[in-house]
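Undergrad: Here's a structure for you.
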Amino acid sequence: MNNVLSSILSWEFVAAGIRVTTPILLAALGALVAELSGTPNIALEGTMLFSAFVGVIISGFTHSLWLSVIGALITGIIMSSILAYFSLKLKTDIIMAAIALNIFASGGTIYALYLLTGDKGSSASLKSLVLPSIDIPILKDIPILGDILSGHHILTYVAIILVFLIQYMLYRTPLGLRIRSVGESPDAARSVGISVFKTQYTALIISGMLASLGGIFLSMGYVEWFARDMTSGRGFIALAAQALGGTSAYGVALGSLLFGFSEALSFSLQFLNIPYEVTQSMPFIITVGALAFYAWNKAKNKKNRDI
Amino acid sequence: MKSTKRYEIYRTAIAIGIALLLGYILILVTVFPDGDMAFAEKMRAAFKEANESFKTFLLSPILKQRSGEWVFNLRGFIQWINESVPIIITGLAVSLIFTAKHFNIGAEGQLFLGAAIATGAAIYFPSIPIITPILVILIASLVGAGWSAIPGYLKSKWNASEVVTSLMLNYVALYMGLFIIKTFLRDPNAGQLVSLKFSDSASLFLLNSRYRWHSGILIALALSFALWFVMKKTTWGYKVRLIGNNKHFAYYSGINTQKTFFQVHLLSGAIAGTAGIIELLGYYGRFVWLYSPGYGWDGIIIATLARNNPIYVPIAALFLSYIRVGAKTMGRYTNIPPEMVSILQATIILLVTAEAFLSQMRQRAIEKEARSTEEAIAGGDANE
């Protein structure tokens, strides 16, 4: 028990929690923007996976971090554009289109991995780069504060900045207002001259780019390879984190932290001989519980019952 | 109505055609030779090999080459039929839930947990022929219904998004199922993580014992017919379809929509729950999965292709397992990864569900039908 306590009350635990939270948070912000525009993006999982793959491949062949980040972002834009084109123009149900994209990403990355590296499991044979962690000057030398605030991954800082940026964008800019009004009532938005298509398309593109950042964190954040299905459900967890966090970026950040830390906890709890399967399923059980509570609370307060 | 149906058939055929063409292009890219030949020569070599591989892909589930001639391939045929069984069943479960316009995508978890728990019954139940497999399948079905009831209840009672909850529960079911197999039912003498063998009379009746053609296909077809009957010939099925078309209309015409939604989740879960255990009883004789087999996701593809009509579900499932068996066989003889098929599947889903895809064609068909009806009416008037 002491083992567990000391492992939870350590900087390593906090660092692990933050590390696990980062990709979930990035994708969850994407989920938030898409959700508010009225076009839920279930394709986050596939977008993350494909971006993780493209990032590693570009970095392996060009040895340029910039090109791989740009390549991953473009992948996100392309995935979102396909989703937007099919759901907004061709009237495919957006959930079906997203499921198709996820299937495409799962099989397509394995197929392309095999074509490019001759291996179907991982890109280990390809020499790829790792995005750096950052020590913040001066701050890193302050005792406790430095341990907490400095030395994290560059994308972790990006994610934290994005929380504020997205919140600002959604609630303080014309684009944010348009996104929310289109999500609230497309017809009302249309009647005052807002292009529903353009707004939802923009929201999906932003959502896809955020998911891409989450994706390259997985394949280039701390490791230097891509493995088949390496997102293993993080895109779906991001959806859950968004559902938990509600409509503000701060809430979504809290939801993502809950997931990140409950997963980090599941590593620590293995000391207690709690089976791996139990600890691994904990974050999912927590989500279902929290979603149920959230829905129950909402239904209780204002009769939010769908007929 | 007739022209709309014909249009749907054309559209599906065109979607499949485009997907197959894409498959051919992918094969062509894969087999494109390296080395320093002239480009034209490379192209010729690539086309030749791609044609050969594509032929294997398209024909191998039913035909095989023996000394230069194509003969019936019993083994491939049985593999084809066997592989279609679990996905017919998940296709039915998903088509039912989609008919009600709910997106419970938890079939994957329902079948996994159903199979894991029913495995216990298949090992330890007293061995009675016919009765035991029925009981085992019933248990899996109950587990599936129970698991599906959670998102169903949360949705119909408090309006919690069933998409997210059912997705989350898939993971919980996966870990719970593995935990059950590992802790209680593991075969200690086997090299990898598998359950103990099922008792002898728990297995399904075999139609061909050499390649283990099991009777699961008969169960799957019977289920398809039964679900078709329920959906098209009973009041309950009518209610579900009405809710799917317009739940507000259904609600205000006095249907208890929440109750019906919940029942749909239960029935869909009960069907999905059996998909895994039927394959295990029929083919493997023990629990063998280390991760989700993916049949729940296949069910979504199949329901989409079949337009949620239970009678078309087996056809869609047979199509899907056909191209999979073809791709696997092709993967054995060439270096083309069978994962290629998932790219084709994604293409098919996108095109089939794209309502506006080829909508001009539909428009023209409807206009033509309207005109001919008009003429018929006018003609009828003239006769009077």
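Top to bottom, those sequences are chains R and D. According to the numbering used here, the residues represented by the first sequence are 2 to 308, in order. According to the numbering used here, the residues represented by the second sequence are 278 to 661, in order. No residue lacks a Cβ here, since even glycine has one placed at the ideal position from N, Cα and C. On a predicted model such as this, the values are computed, not experimentally measured, just so you know.
#1: If you follow the alpha helix (DSSP H) that phenylalanine 247 of chain D is part of, which residue opens it and which one closes it?
#2: Which residues in chain R have a C-beta closer than 7 Å to the C-beta of proline 614 of chain D? List them in chain order.
#3: Determine the DSSP secondary structure at glutamine 243 of chain R, reduced to helix, strand or coil.
#4: Only counting runs of 4 or more residues, tell me where the alpha helix (DSSP H) segments fall wholly within the region 137–222 of chain R, in order along the chain.
#5: Quick check on the DSSP output: the beta strand (DSSP E) that includes glutamate 632 of chain D runs from which residue to which?
#6: I need the DSSP call for alanine 616 of chain D, collapsed to helix, strand or coil.
#7: With DSSP collapsed to three states, give me the class of asparagine 103 of chain R.
#8: Does any CB atom of chain D fall closer than 9 Å to the CB of leucine 292 of chain R?
#9: Can you name the residues of chain R whose CB is closer than 8 Å to the CB of methionine 607 of chain D?
#10: For threonine 93 of chain R and chain C, any beta-carbon pair shorter than 9 Å?
#11: With distances taken from CA atoms, which of R/Ala28, R/Ile111 and R/Ser11 is nearest phenylalanine 260 of chain R?
#12: Cα-Cα, which of D/Pro310, D/Asn359, D/Phe309 and D/Pro570 is closest to serine 598 of chain D?
#13: In angstroms with no decimal places, state the Cα-to-Cα distance between lysine 319 of chain D and aspartate 313 of chain D.
#14: Under 7 Å Cβ to Cβ from phenylalanine 380 of chain D, same chain only, skipping five residues before and after it: list those, please.
#15: Which residues share a DSSP beta bridge with alanine 228 of chain R?
#16: For tyrosine 295 of chain R, decide whether its Cβ has a neighbour in chain D, counting only Cβ atoms nearer than 9 Å.
#17: Can alanine 106 of chain R and isoleucine 217 of chain R be called in contact, C-beta distance under 9 Å?
#18: If you measure beta-carbon to beta-carbon, which residues of the region 15–28 of chain R are closer than 8 Å to chain D?
#19: For glycine 573 of chain D versus glycine 454 of chain D, is the C-beta spacing smaller than 9 Å?
#20: When you check each C-beta in the region 375–394 of chain D against every C-beta of chain R, which residues fall closer than 8 Å?
#21: Using CA atoms only, rank isn't needed, just tell me which of D/Gln387, D/Tyr448 and D/Ala399 is closest to threonine 280 of chain R.
#22: Checking the sheet assignment: what are the DSSP bridge partners for leucine 340 of chain D?
#23: Does the region 201–219 of chain R touch the region 79–89 of chain R, meaning 3 or more C-beta pairs lie closer than 8 Å?
#24: Could you name the residues of the region 621–640 of chain D whose beta carbon sits closer than 7 Å to any beta carbon of chain R, in the order they occur along the chain?
#25: Could you give the DSSP three-state label for isoleucine 654 of chain D: helix, strand or coil?
#26: According to the neighbour-count rule (16 or more other Cβ atoms, all chains shown, within 10 Å of its Cβ), is glycine 526 of chain D buried or exposed?
#27: Could you round the C-beta distance between isoleucine 365 of chain D and valine 565 of chain D to whole angstroms and report it? I think they count as a contact, below 8 Å.
#28: If we ignore side chains and look at the alpha-carbon of each, how far apart do glutamate 13 of chain R and leucine 127 of chain R end up?
#29: Rounded to the nearest angstrom, what separates isoleucine 374 of chain D and leucine 89 of chain R at their Cα positions?
#30: Threshold first: 3 residues or longer. Then list the beta strand (DSSP E) segments lying entirely within the region 437–475 of chain D, N to C.
#31: Need the endpoints of the beta strand (DSSP E) that asparagine 485 of chain D sits in, please.
#32: Looking only at its own chain, which residues have a Cβ that is under 6 Å from the Cβ of arginine 639 of chain D, when we skip the five neighbours before and after it?
#33: Quick one: does threonine 289 of chain D have its CB under 9 Å from some CB of chain R?
#34: Answer with buried or exposed for glutamate 661 of chain D, where buried requires no fewer than 16 other C-beta atoms within 10 angstroms of its C-beta.
#35: Note down, in chain order, every chain R residue with its Cβ under 8 Å from the Cβ of phenylalanine 456 of chain D.
#36: Which residues of the region 199–226 of chain R have a Cβ closer than 7 Å to any Cβ of chain D? Give them in chain order.
TA: From the atom records:
#1: Beyond the ends of chain D as shown, which are 278 and 661, falls residue 247 of chain D; an answer cannot be given.
#2: Here residue 614 of chain D refers to the residue found at position 337 of the second sequence. Result: Ile111, Tyr112, Tyr115 and Lys121.
#3: Along the first sequence, one-based indexing puts residue 243 of chain R at 242. In this structure, glutamine 243 of chain R counts as helix in the three-state DSSP scheme.
#4: For the region 137–222 of chain R, whole alpha helix (DSSP H) runs of length 4 or above, ordered along the chain, are 144–150, 155–173, 175–185, 187–192 and 197–221.
#5: To locate residue 632 of chain D, count along the second sequence from 1; it is residue 355. Segment: none, glutamate 632 of chain D is in no beta strand (DSSP E) and carries neither H nor E.
#6: If you number the second sequence from 1, residue 616 of chain D lands on position 339. This sequence places glutamate at residue 616 of chain D; alanine is not what is there. Three-state DSSP puts glutamate 616 of chain D in coil, outside helix and strand.
#7: Taking the first sequence and counting its residues from 1, the one referred to as residue 103 of chain R is at position 102. Helix at asparagine 103 of chain R.
#8: Sequence index remark: in the first sequence, residue 292 of chain R carries index 291 (1-based). Answer yes: the Cβ-Cβ gap between leucine 292 of chain R and chain D drops below 9 Å somewhere.
#9: As a working mapping, residue 607 of chain D is identified with position 330 in the second sequence. In chain order: nothing, as chain R lies at least about 13 Å away.
#10: Reference to chain C is not applicable here, since the protein chains of this structure are R and D.
#11: For the purposes of this step, residue 260 of chain R is identified with residue 259 of the first sequence, where counting begins at 1. The shortest Cα separation from phenylalanine 260 of chain R among R/Ala28, R/Ile111 and R/Ser11 belongs to R/Ala28.
#12: Within the second sequence, numbered from 1, the residue matching residue 598 of chain D stands at position 321. Considering only alpha carbons, the answer is D/Asn359.
#13: Counted from its first residue, the second sequence places residue 319 of chain D at position 42. Counted from its first residue, the second sequence places residue 313 of chain D at position 36. The straight-line gap from Cα to Cα measures roughly 9 Å.
#14: Mapped onto the second sequence, residue 380 of chain D falls at position 103. Contacts found: Glu439 and Val440.
#15: Position 227 of the first sequence, counting from 1, holds the residue named residue 228 of chain R. Its beta-bridge partners are R/Ser123.
#16: As a working note, residue 295 of chain R is residue 294 in the first sequence. It does; some Cβ of chain D falls within 9 Å.
#17: Here residue 106 of chain R refers to the residue found at position 105 when the first sequence is read from its first residue. Here residue 217 of chain R refers to the residue found at position 216 when the first sequence is read from its first residue. Not in contact: alanine 106 of chain R and isoleucine 217 of chain R (Cβ atoms no closer than 9 Å).
#18: Interface annotation for the region 15–28 of chain R against chain D: empty, criterion Cβ-Cβ distance under 8 Å.
#19: Stepping through the second sequence from its first residue, residue 573 of chain D is reached at position 296. Stepping through the second sequence from its first residue, residue 454 of chain D is reached at position 177. No.
#20: Phe380 and Ile382
#21: What you label residue 280 of chain R is simply residue 279 of the first sequence in a count that begins at 1. The shortest C-alpha to C-alpha distance from threonine 280 of chain R to any of D/Gln387, D/Tyr448 and D/Ala399 is the one to D/Tyr448.
#22: Position 63 of the second sequence, counting from 1, holds the residue named residue 340 of chain D. Leucine 340 of chain D is bridged to D/Phe349.
#23: yes
#24: Answer in chain order: Gln622, Ala623, Ile626, Leu627, Thr630, Ala631, Glu632, Ala633 and Phe634.
#25: Mapped onto the second sequence, residue 654 of chain D falls at position 377. Looking at isoleucine 654 of chain D - three-state DSSP - the assignment turns out to be helix.
#26: The residue labelled residue 526 of chain D in the question sits at position 249 within the second sequence. Reading off the sequence shown, one finds phenylalanine at residue 526 of chain D, where the question assumed glycine. Looking at its Cβ environment, which holds fewer than 16 other Cβ atoms inside 10 Å, phenylalanine 526 of chain D is exposed.
#27: To locate residue 365 of chain D, count along the second sequence from 1; it is residue 88. To locate residue 565 of chain D, count along the second sequence from 1; it is residue 288. About 20 Å; that fails the 8 Å criterion.
#28: The residue given as residue 13 of chain R occupies position 12 in the first sequence. The residue given as residue 127 of chain R occupies position 126 in the first sequence. Rounded to the nearest whole angstrom, the C-alpha separation of glutamate 13 of chain R and leucine 127 of chain R is 30 Å.
#29: Along the second sequence, one-based indexing puts residue 374 of chain D at 97. Along the first sequence, one-based indexing puts residue 89 of chain R at 88. Answer to the nearest angstrom: the Cα atoms are 24 Å apart.
#30: none
#31: Within the second sequence, numbered from 1, the residue matching residue 485 of chain D stands at position 208. Taken as a continuous stretch (DSSP letters only), the beta strand (DSSP E) holding asparagine 485 of chain D covers 483–485.
#32: The residue given as residue 639 of chain D occupies position 362 in the second sequence. Within the same chain, arginine 639 of chain D has close Cβ partners Tyr284.
#33: Locating residue 289 of chain D in the second sequence gives position 12, where the first residue counts as 1. Chain R contact via Cβ: absent.
#34: To locate residue 661 of chain D, count along the second sequence from 1; it is residue 384. Summary for glutamate 661 of chain D: the model assigns pLDDT 44, below 50, so the residue's position carries little reliability, and this model does not support an answer.
#35: The count along the second sequence starts at 1 and reaches residue 456 of chain D at position 179. The contacting residues are Pro276, Glu278 and Val279.
#36: none
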